[in-house]
Amino acid sequence: MLAARSNSHHPQDAPTSSEASVEFPEPVAPPEEVSEARTGRTNRLLWIAGAGISVRLLVIAAELTAVVLLGSAALFVDAMATLADVIASIGLIVAIKLAERPPDDDHPFGHGRYEPLAGLQLGTLITLGGGALFISQLISAAQPHQAKTYSIVLAIIPAAAAVLLEIACRWVHSYGRRESSSALIAEAYHYRVDAITSVLAAVGMLVAVLLPNLGHLTDHVFALLLAGIMTWLGIGACRENMHQLLDRTPDESAFERVRTAAARIDGVLDIEKIRIQQAGPDAHVDIDVEVDPQMTVDDAHRIAQFVRREIQSDWPFVREVVVHIEPYFADDH
Numbered sequence: 029m030l031a032a033r034s035n036s037h038h039p040q041d042a043p044t045s046s047e048a049s050v051e052f053p054e055p056v057a058p059p060e061e062v063s064e065a066r067t068g069r070t071n072r073l074l075w076i077a078g079a080g081i082s083v084r085l086l087v088i089a090a091e092l093t094a095v096v097l098l099g100s101a102a103l104f105v106d107a108m109a110t111l112a113d114v115i116a117s118i119g120l121i122v123a124i125k126l127a128e129r130p131p132d133d134d135h136p137f138g139h140g141r142y143e144p145l146a147g148l149q150l151g152t153l154i155t156l157g158g159g160a161l162f163i164s165q166l167i168s169a170a171q172p173h174q175a176k177t178y179s180i181v182l183a184i185i186p187a188a189a190a191v192l193l194e195i196a197c198r199w200v201h202s203y204g205r206r207e208s209s210s211a212l213i214a215e216a217y218h219y220r221v222d223a224i225t226s227v228l229a230a231v232g233m234l235v236a237v238l239l240p241n242l243g244h245l246t247d248h249v250f251a252l253l254l255a256g257i258m259t260w261l262g263i264g265a266c267r268e269n270m271h272q273l274l275d276r277t278p279d280e281s282a283f284e285r286v287r288t289a290a291a292r293i294d295g296v297l298d299i300e301k302i303r304i305q306q307a308g309p310d311a312h313v314d315i316d317v318e319v320d321p322q323m324t325v326d327d328a329h330r331i332a333q334f335v336r337r338e339i340q341s342d343w344p345f346v347r348e349v350v351v352h353i354e355p356y357f358a359d360d361h
């Protein structure tokens with residue numbers, strides 16, 4: 029538990045026990061910056077997702093051109109994996125817009141679950157796509173084939189794609205750190221995984237060029253490896269999004285952020301319990317704060333209002349805060 033210190037920071041208009049009012053207290057609205065922060069986050073996510081689609085479409089165009097002109101199973105699988113990422117990014121854009129919608133009568137907790145729901149569906153698509161590619165490449169590798177010569181261009185194209193994707197990874201990661209957005213940071217690592225698969229495709233093509241007698245086998249071995257990675261990533265995406273849909277407890281940093289914000293309010297003597305539910309961009313906080321048991325109901329209610337506002341000001345993506353008032357007794361701790 030965290031007790032508030034006597035020199036705690038508190039809003040200028042926070043209540044004291046001598047300010048009891050006989051009138052019904054008006055709700056304390058969060059500052060305008062909260063709404064602006066939510067809108068700004070949405071716009072940045074949409075812009076970055078759109079830029080990511082452009083980068084990946086460029087990679088797909090180059091790889092499929094090489095597949096048509098020169099032929100390569102590994103390069104084809106890498107292009108299909110990147111195409112799955114484009115579909116995921118489009119789905120993410122749609123989900124971001126839907127999740128932004130405010131609560132209504134039918135959805136009092138908002139629409140934040142659109143994001144993890146879309147992520148679960150896309151993770152399933154990637155898993156099934158990777159499994160299908162793995163099976164098709166396994167069958168293709170076992171069939172008779174004609175020997176062919178592989179061009180060094182087949183290694184250069186995925187190598188260049190890997191460099192481009194790594195640059196995109198670092199760019200998106202810097203935005204994620206700046207905005208304290210776990211979604212952007214996760215997307216950055218997704219770019220890095222794409223870069224790794226492109227490196228594997230380049231290595232496979234280089235081996236096929238250097239060892240032409242083993243070119244067909246090498247090409248399909250690396251294609252199978254890439255399909256396996258695609259399946260593994262899809263399963264991971266499903267698991268992460270299921271955690272949000274099933275209300276898994278968020279990181280301890282989220283609890284510390286809420287606890288610190290609530291403790292800044294004058295009159296909060298201790299914090300008994302915090303529960304946080306996260307879904308997409310939204311978070312919902314349920315917190316028990318302890319106050320002077322001799323305090324009037326009016327003052328206790330006002331403290332609860334200021335606790336809510338302080339939490340939402342510090343963490344703008346908290347959609348709703350439910351504050352439970354408990355009496356504070358020193359010998360109860």
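Residue numbers for the sequence shown follow this note's numbering, so the first one is 29 and each next one is one higher. Ideal placement from N, C-alpha and C gives every residue a C-beta, glycine not left out. Since we're looking at a predicted model, the values are computed, not measured.
In whole angstroms, give me the CA-to-CA distance for residue i and residue j.
i: residue 356; j: residue 125; result: 43 Å
i: residue 201; j: residue 76; result: 11 Å
i: residue 139; j: residue 129; result: 6 Å
i: residue 158; j: residue 344; result: 38 Å
i: residue 86; j: residue 152; result: 25 Å
i: residue 443; j: residue 352; result: Shown here, the chain extends from 29 to 361; a query on residue 443 therefore has no answer.
i: residue 64; j: residue 340; result: 12 Å
i: residue 288; j: residue 111; result: 44 Å
i: residue 274; j: residue 148; result: 12 Å
i: residue 238; j: residue 106; result: 21 Å
i: residue 50; j: residue 332; result: Here residue 50 scores only 47 on pLDDT, less than 50, and its place in the model is too uncertain to base an answer on.
i: residue 162; j: residue 290; result: 52 Å
i: residue 35; j: residue 258; result: Its pLDDT being 41, under 50, residue 35 is placed unreliably by the model, and nothing is read from it.
i: residue 364; j: residue 224; result: Since the displayed the chain opens at 29 and closes at 361, residue 364 lies outside it and no answer follows.
i: residue 68; j: residue 180; result: 45 Å
i: residue 170; j: residue 164; result: 10 Å
i: residue 321; j: residue 78; result: 54 Å
i: residue 205; j: residue 120; result: 20 Å
i: residue 96; j: residue 203; result: 36 Å
i: residue 134; j: residue 216; result: 35 Å
i: residue 280; j: residue 229; result: 39 Å
Take residue i and list the residues in its own chain whose beta-carbon comes closer than 8 Å to its own, dropping the five residues that flank it on each side.
i: residue 48; result: Its pLDDT being 43, under 50, residue 48 is placed unreliably by the model, and the measurement read from it follows with that caveat. Only 324, 326 and 327 meet the Cβ criterion.
i: residue 354; result: 300, 316, 317, 318 and 319
i: residue 347; result: 131, 137, 138, 140, 310, 311 and 312
i: residue 114; result: 81, 84, 85 and 88
i: residue 283; result: 302 and 304
i: residue 29; result: Reliability fails at residue 29, whose pLDDT of 44 lies under 50, so the model's placement of it is uncertain and the value that follows must be treated cautiously. Taken in chain order, the residues that qualify are 298, 299, 300 and 361.
i: residue 260; result: 158
What residues in its chain sit with their C-beta under 7 Å from that of residue i, if we drop five residues either side in the sequence?
i: residue 314; result: 303 and 350
i: residue 192; result: 83 and 87
i: residue 342; result: 285 and 289
i: residue 90; result: 185 and 189
i: residue 70; result: 124 and 128
i: residue 269; result: 144, 147, 148 and 151
i: residue 66; result: 344 and 345
Pick out whichever of the options has its Cα sitting closest to the Cα of residue i.
i: residue 335; options: 307, 128, 104 and 294; result: 294
i: residue 73; options: 137, 122 and 329; result: 122
i: residue 359; options: 298, 329, 192 and 81; result: 298
i: residue 146; options: 285, 266 and 280; result: 266
i: residue 101; options: 254, 296 and 290; result: 254
i: residue 104; options: 252, 338 and 240; result: 252
i: residue 150; options: 331, 264 and 216; result: 264
i: residue 231; options: 250, 216 and 240; result: 250
i: residue 305; options: 284, 69, 168 and 272; result: 272
i: residue 194; options: 93, 109, 227 and 296; result: 227
i: residue 296; options: 329, 269, 203 and 166; result: 329
i: residue 109; options: 92, 96 and 66; result: 92
Per DSSP, which residues does residue i bridge with? Please list them.
i: residue 317; result: 299 and 353
i: residue 346; result: 311
i: residue 304; result: 313
Report, in whole angstroms, the separation of the C-beta atoms of residue i and residue j, which I expect to be a contact under 8 Å.
i: residue 247; j: residue 236; result: 5 Å
i: residue 190; j: residue 219; result: Not a contact, Cβ separation roughly 10 Å.
i: residue 156; j: residue 98; result: Actually they are not in contact, since the Cβ atoms of residue 156 and residue 98 sit about 28 Å apart, beyond 8 Å.
i: residue 186; j: residue 233; result: 7 Å
i: residue 262; j: residue 154; result: 3 Å
i: residue 292; j: residue 338; result: 6 Å
Go through its chain and collect everything with a Cβ distance to residue i's Cβ below 6 Å, but skip five positions before and after it.
i: residue 143; result: 123, 127 and 308
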